[in-house]
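Enquirer:
Residue numbers (our numbering), protein chains in the order written: chain A, 459 to 636; chain B, 2 to 444.
(1) How about residue 581 of chain A: is its C-beta nearer than 8 Å to some C-beta of chain B?
(2) Taking the alpha-carbon positions, what's the residue 555 of chain A to residue 526 of chain A distance?
(3) If you check the beta carbons only, do residue 215 of chain B and residue 375 of chain B fall under 8 Å apart?
(4) Is residue 484 of chain A close to chain B? Criterion is C-beta to C-beta, closer than 8 Å.
(5) Thinking just about the alpha-carbon of each residue, which of A:611, A:605, A:634, A:631 is nearest to the one in residue 639 of chain A?
(6) I believe residue 335 of chain B touches residue 359 of chain B by the beta-carbon criterion, under 8 Å. Please report the beta-carbon distance rounded to the nearest angstrom.
(7) When you check each C-beta in the segment 386-409 of chain B against every C-beta of chain A, which residues fall closer than 7 Å?
(8) Do you know how far the Cα of residue 58 of chain B is from the Cα of residue 29 of chain B?
(9) Give a yes or no on whether the C-beta atoms belonging to residue 238 of chain B and residue 250 of chain B are separated by under 8 Å.
(10) Can you check which of these residues, B:211, B:243, B:223, is closest to residue 256 of chain B by C-alpha distance?
(11) Can you give, in chain order, each stretch of the beta strand (DSSP E) that sits fully within the segment 275-354 of chain B and has at least 3 residues?
(12) Would you say residue 315 of chain B faces chain A, with C-beta separation under 8 Å as the test?
(13) I'd like to know whether the C-beta of residue 598 of chain A is nearer than 8 Å to at least one C-beta of chain B.
(14) What span of residues does the beta strand (DSSP E) with residue 380 of chain B cover, start to end?
(15) List the residues that DSSP assigns as beta-bridge partners of residue 234 of chain B.
(16) Looking at the strands, I want to know which residues DSSP matches up with residue 154 of chain B.
(17) Does any residue of chain B bring its CB to less than 8 Å from the CB of residue 567 of chain A?
(18) Ignore the nearest five residues each way along the sequence and tell me which others in residue 150 of chain B's own chain have a CB closer than 8 Å to its CB.
(19) Using the DSSP secondary-structure output, state which residues sit across from residue 565 of chain A in a beta bridge.
(20) In its own chain, which residues sit with a C-beta less than 6 Å from the C-beta of residue 109 of chain B, not counting the 5 before and 5 after it?
(21) If you measure from the CB of residue 388 of chain B, is any heavy atom of the ligand SAM nearer than 7 Å?
(22) In angstroms, rounded to a whole number, what distance separates the CA positions of residue 262 of chain B and residue 308 of chain B?
(23) Taking 8 Å as the CB-CB cut-off, is residue 634 of chain A touching chain B?
(24) Comparing C-alpha positions only, which one of B:403, B:81, B:356 sits nearest to residue 332 of chain B?
(25) Under 8 Å between the Cβ atoms of residue 191 of chain B and residue 66 of chain B?
(26) List, in order along the chain, the chain D residues whose C-beta lies closer than 7 Å to that of residue 507 of chain A?
(27) Terminal residues of the continuous beta strand (DSSP E) containing residue 95 of chain B?
(28) I need the DSSP call for residue 620 of chain A, collapsed to helix, strand or coil.
(29) Given residue 633 of chain A, which residues of its chain have a CB within under 7 Å of its CB, disregarding the five upstream and five downstream residues?
(30) How about the segment 160-180 of chain B and the segment 396-406 of chain B: do they share at least three Cβ pairs that are nearer than 8 Å?
(31) CB residue 162 of chain B to CB residue 176 of chain B, shorter than 8 Å?
(32) Within 10 angstroms of the Cβ of residue 14 of chain B, are there 16 or more other Cβ atoms? Answer buried if so, exposed if not.
(33) Within the 8 Å Cβ cut-off, does residue 520 of chain A reach chain B?
(34) Our contact map puts residue 489 of chain A next to residue 517 of chain A with C-beta atoms below 8 Å; I'd like the distance itself, whole angstroms only.
(35) At least one CB of chain A closer than 8 Å to the CB of residue 251 of chain B: is that the case?
(36) Using a threshold of 8 Å, state whether the C-beta atoms of residue 569 of chain A and residue 575 of chain A are closer than that.
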């Protein structure tokens with residue numbers, strides 16, 4: 459009987475002191491804690507948010523994080539966002555605009571076809587069906603230099619904004635600059 | 002073979018249940034509602050209506066409560082609290098709740114509680130709205146009244162369940178029920194609670210306020226003055242649509258155990274636990290790989306495991322009322338669903354963090370016989386993170402007030418609340434002072 463009581467107390471103690479939060483690891487991949495008036499997980503220095511908003515990834519060689527995107531460090535340049543930054547290369551990262559985006563305008567039938575690229579959204583509402591950068595209205599993703607962010611609130615999945623060629627955003631779409 | 006065995010077992014269980022129900026239906030001695038509901042209704046002065054005294058009362062009963070308040074902040078005119086909380090004092094209708102009760106048989110009853118609310122009109126509906134100050138408008142043109150303006154209001158289903166009392170040791174509920182933890186969450190009728198506002202730890206939902214699923218409860222008398230009770234719950238858990246959907250494969254489990262002693266006043270000591278998953282997701286349709294059909298891709302917008310623990314004690318002796326609860330919640334995010342976004346307040350990517358939230362309150366009051374006057378004081382502490390804004394919320398608060406209950410069904414309350422933020426708050430570092438008066442009635 460005493461043994462049974464001991465077991466019950468052991469179970470109760472285990473429940474009351476059980477812990478599912480690891481105090482040393484409270485954020486996701488590539489993230490660090492922000493403990494201020496606002497709290498949460500922000501990207502580590504030199505990291506930027508992944509396109510789906512889950513975790514952060516490190517910028518490549520000769521790159522630095524700026525405005526939530528990886529841009530070439532001063533003195534380096536590249537021909538496209540997927541190209542490596544090279545010393546004295548074309549300075550396509552100048553300013554806040556990004557270079558052409560990996561996967562953008564790639565033909566697709568569904569967003570599965572766009573997976574693994576930076577243009578994760580397959581536009582199937584109208585032809586041509588191509589992969590586009592999605593989520594630019596909030597600033598979570600950024601449009602390249604030749605594109606603008608088009609927010610179409612009447613279509614829920616496009617309310618987050620897609621990057622379309624400049625001049626192609628027409629009503630009910632609205633160009634936004636997050 | 003296994004399938005047929007299972008089928009026969011199910012048939013046997015259903016047949017037994019039907020037989021028990023028939024037997025209880027013909028039993029002339031009716032069974033009262035479960036103890037906790039009966040106690041709550043008694044506090045509301047509705048015991049005569051709800052007790053279901055013999056002979057069996059099969060009539061439909063409608064009762065409820067309502068409260069009306071006048072509230073404002075006592076801070077300097079240039080304090081940010083005036084914009085963040087409420088700029089000018091205002092009258093309001095807080096709760097207008099209806100209880101619907103029907104004893105179907107002596108042991109089977111249907112019980113529901115709905116809150117008629119002025120929401121969502123005037124409420125921020127998303128964190129971006131909090132940043133911009135925009136709020137919902139329910140203004141429409143009323144086709145039945147010459148297309149004049151009308152602001153529609155909403156209904157919140159607080160709880161609705163079918164209850165089957167098999168024995169004092171076992172009552173089963175199925176439906177939406179208030180999570181049985183601590184004292185305040187179930188005793189939520191404004192005429193029954195002493196203060197005008199709930200402690201912050203209750204409002205922050207460190208335990209879910211309600212769940213959809215099955216609840217088992219019962220009570221065992223150990224002696225003339227001692228009894229033990231329990232609640233056990235299985236539910237969908239927590240989430241954006243947990244009232245009728247479950248976006249994860251597991252079910253949430255919870256429970257409460259308590260000891261009641263009435264040999265020296267009334268003493269109640271309890272402990273509660275909840276373990277479940279908070280899941281919100283969308284099922285995004287797209288063209289399947291065969292090019293003909295539609296495939297659905299589940300995308301979590303948030304998913305985290307929750308472990309909530311609570312301890313409570315309440316002691317009533319003559320006019321003295323002492324009550325305290327300690328509640329904790331641990332939230333651990335699924336790495337695939339720790340979805341961050343640009344926080345509109347800081348303009349930077351911010352993802353939610355695993356966290357231990359903790360809070361407690363202690364309430365003491367004394368009810369005098371003279372007009373049912375009860376002065377009271379409440380101290381509370383809370384350390385958590387706001388899910389809506391990601392703002393850190395660490396506070397200490399003191400409340401002093403007066404609760405006057407001239408008759409059971411009518412309560413007047415006046416109270417002053419002071420809130421301090423030892424680590425600051427995103428709106429301001431200044432303390433917040435709220436004054437409010439409330440009238441609550443049961444009907």
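Note that CB positions come from ideal geometry on N, CA and C, so glycine has one too.
Expert: The answer reads as follows:
(1) no
(2) Low per-residue confidence applies at residue 555 of chain A: pLDDT is 43, beneath 50, and the placement is therefore not dependable, though the value from the model is reported in the following sentence. Taking the Cα positions, residue 555 of chain A is about 12 Å away from residue 526 of chain A.
(3) no
(4) Yes, because at least one Cβ of chain B sits closer than 8 Å to the Cβ of residue 484 of chain A.
(5) Nothing can be reported for residue 639 of chain A, as the shown portion of chain A is limited to 459 through 636.
(6) Between residue 359 of chain B and residue 335 of chain B the Cβ distance is about 22 Å, and since that is not below 8 Å, they are no contact.
(7) 386, 391, 392, 393
(8) Because the pLDDT of residue 29 of chain B is 40, which lies under 50, any placement of that residue in the model is unreliable, and the question is left without a value.
(9) no
(10) B:211
(11) Counting whole runs of 3 or more residues, the segment 275-354 of chain B contains the beta strand (DSSP E) stretches 295-318, 321-334, 342-344, 349-351.
(12) no
(13) yes
(14) 374-386
(15) B:216, B:255
(16) For residue 154 of chain B, which the question treats as bridged, DSSP gives no partner whatsoever.
(17) For residue 567 of chain A, the answer is yes, since a Cβ of chain B falls inside 8 Å of its Cβ.
(18) 140, 141, 142, 143
(19) A:588
(20) 165
(21) The ligand SAM is not part of the structure shown, which contains no ligands of any sort.
(22) 29 Å
(23) no
(24) B:356
(25) yes
(26) Protein chains A and B are contained in the structure displayed, whereas chain D is not.
(27) 91-104
(28) strand
(29) 606, 607, 608, 627
(30) no
(31) Contact flag set, yes.
(32) Residue confidence for residue 14 of chain B is low, a pLDDT of 48 falling below 50, so the modelled location carries little weight; the figure read from the coordinates is stated next. Looking at its Cβ environment, which holds fewer than 16 other Cβ atoms inside 10 Å, residue 14 of chain B is exposed.
(33) no
(34) With 8 Å as the limit, residue 489 of chain A and residue 517 of chain A do not qualify as a contact, their Cβ atoms being about 14 Å apart.
(35) It does not: the Cβ of residue 251 of chain B has no partner Cβ on chain A nearer than 8 Å.
(36) no
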